[in-house]
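In the numbering used here, each residue carries its 1-based index in the sequence shown increased by 1497.
All residues carry an ideal CB built from backbone N, CA and C; glycine is no exception.
Here the structure is a predicted model, which is why all the values come from computation and not from measurement.
Working notes, beginning with the structure itself.
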Amino acid sequence: MKTKKNEPMWKHTTWRIGGPVDTLLQPESVAELQQAIQQAKDTALPFYVIGGGSNLLVADDGIRGTVIQLGGSLCQLNIENQTIYAEAGVPLPVLARKAAEHNLSGLEFAAGIPGTIGGAVVMNAGAYQGQISDVVEQVVCCDKTGQLFTLTAEECQFAYRNSRFKKNNGYIIVSVKLQLNKGKKEEILTQMQKNTAARNAKQPVEYPSAGSIFKNPPGDAAGRLIELIGAKGWVQGGAMVSEKHSNFIVNTGKATCEDVLLLVERIKQAVKERTGVSLEEEILLLDKENP
Ligand SMILES: Cc1cc2nc3c(=O)[nH]c(=O)nc-3n(C[C@H](O)[C@H](O)[C@H](O)COP(=O)(O)OP(=O)(O)OC[C@H]3O[C@@H](n4cnc5c(N)ncnc54)[C@H](O)[C@@H]3O)c2cc1C
């Protein structure tokens, strides 16, 4: 298992923002994950499990304790007929592509979503009318004692960008069993290419970001409300509300967590004043108060 001390978290988030964590552990097997949990608990400081860091805003002064990172490790993948078994660290775009190669349909929506299958289950990631809960059958988890257990999809309590795993509540996702439909490789790949092209046209993929900042309020789009208040192009330090997609805040070079939080607050206040809608963050803050 790789161990890094005083490791800058900006290196492990797609936003390229965040101060150092005391210890970063990168377990490569389930046994190493259990060992990492024990090691983290022995410090008596909090610990936090992350995947690809593609939905995370990490505080400028970093995190005390341990981050256990499963992105780039725990990457075993098995396909049997229409069932896929994927360890938590498998990148979601890799999983989607493997499914297509095996003529399996159901993950077309996921081709361009960064991060890991573990993170996607936590967030119930989705796009283009699909979400990961559509294909999840079971999730193998580990609790903070290292004990393994299995949850059914129903027990995962999936909802819009939500599941029982959010809030670092003691469930660590180890692997996921997915049930897909039979399809045709060419058709699946064509749909994925269409989705990716639409994503590249709409999103500021040339800048570091964490995807959408806010969830869509019922019956509306957060981006529409942000555009309505004229927030496109608002700048705070190195952070900017994207001109291309108003629900994205991009890092133009030296953005800090503080810059992003100030923009988020400014947008929320202006949207509330103008429309009465309270926007809710989709991104997750990782700091001393929210370990
Ligand atoms: C350019 C861009 C586009 C995006 N587009 C979309 C989109 O279309 N749709 C969408 O839904 N999201 C989108 N996102 C957001 C993000 O990619 C998803 O939320 C993704 O599923 C997060 O996965 P991750 O592995 O990076 O999770 P992380 O950001 O590392 O973590 C997210 C949460 O999951 C927890 N977590 C991660 N792994 C585990 C685990 N194994 N066990 C327990 N908890 C865990 C973390 O503690 C944290 O609470 C986008 C992001 C970017 C940068």
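Asked: Going by the beta-carbon positions, is the gap between residue 1553 and residue 1725 smaller than 7 angstroms?; Found: no
Asked: So within the stretch 1689–1754, which uninterrupted alpha helix (DSSP H) runs reach at least 4 residues, ignoring any that extend past its ends?; Found: 1719–1725
Asked: Near residue 1635, which residues of its chain fall below 8 angstroms by C-beta distance, leaving aside the five closest residues on each side in sequence?; Found: 1647, 1648, 1649, 1650, 1673, 1674
Asked: Buried or exposed: where does residue 1537 fall if 16 or more other Cβ atoms within 10 Å of its Cβ makes it buried?; Found: buried
Asked: Can you determine whether any heavy atom of ligand 2 sits closer than 6 angstroms to the C-beta of residue 1610, and answer yes or no?; Found: Ligands displayed in this structure: ligand 1; ligand 2 is not among them.
Asked: Just to confirm the assignment: which complete alpha helix (DSSP H) runs, minimum length 4, are found wholly within the stretch 1535–1599?; Found: 1589–1598
Asked: Tell me whether residue 1685 sits in a helix, a strand or coil according to DSSP, three-state version.; Found: helix
Asked: Expressed to the nearest angstrom, what Euclidean distance is found between the alpha-carbon atoms of residue 1711 and residue 1565?; Found: 26 angstroms
Asked: Looking at C-alpha atoms only, which residue of 1698, 1779, 1753, 1619 is the closest neighbour of residue 1555?; Found: 1753
Asked: Around the C-beta of residue 1656, are 16 or more other C-beta atoms found within 10 angstroms, so that it is buried, or is it exposed?; Found: exposed
Asked: Taking the alpha-carbon positions, what's the residue 1542 to residue 1580 distance?; Found: 38 angstroms
Asked: Based on Cα-Cα distance, which residue from 1629, 1682, 1508, 1723 lies nearest to residue 1596?; Found: 1682
Asked: What residues match up with residue 1627 in a beta bridge as DSSP calls it?; Found: 1624
Asked: In chain order, what residues of the same chain have a beta carbon less than 6 angstroms from the beta carbon of residue 1662, not counting five sequence neighbours either side?; Found: 1619, 1668
Asked: On the three-state DSSP scale, how would you describe residue 1504?; Found: strand
Asked: Residue 1728: which of 1512, 1717, 1742, 1716 sits nearest, CA to CA?; Found: 1742
Asked: Since residue 1511 is in the beta strand (DSSP E), which residue starts that stretch and which ends it?; Found: Element bounds for residue 1511: n/a, residue is neither H nor E.
Asked: Count the other CB atoms, across all protein chains shown, that sit within 10 Å of the CB of residue 1513; report buried if there are 16 or more and exposed otherwise.; Found: buried
Asked: Can you give me the Cβ contacts of residue 1755 inside the same chain, cut-off strictly under 8 angstroms, excluding the 5 residues immediately before and after it?; Found: 1557, 1734
Asked: Could you pull the start and end residues of the beta strand (DSSP E) that residue 1646 belongs to?; Found: 1645–1649
Asked: Would you report the Cα separation of residue 1624 and residue 1606, rounded to the nearest angstrom?; Found: 6 angstroms
Asked: Per DSSP, what kind of secondary structure is residue 1782 in: helix, strand or coil?; Found: strand
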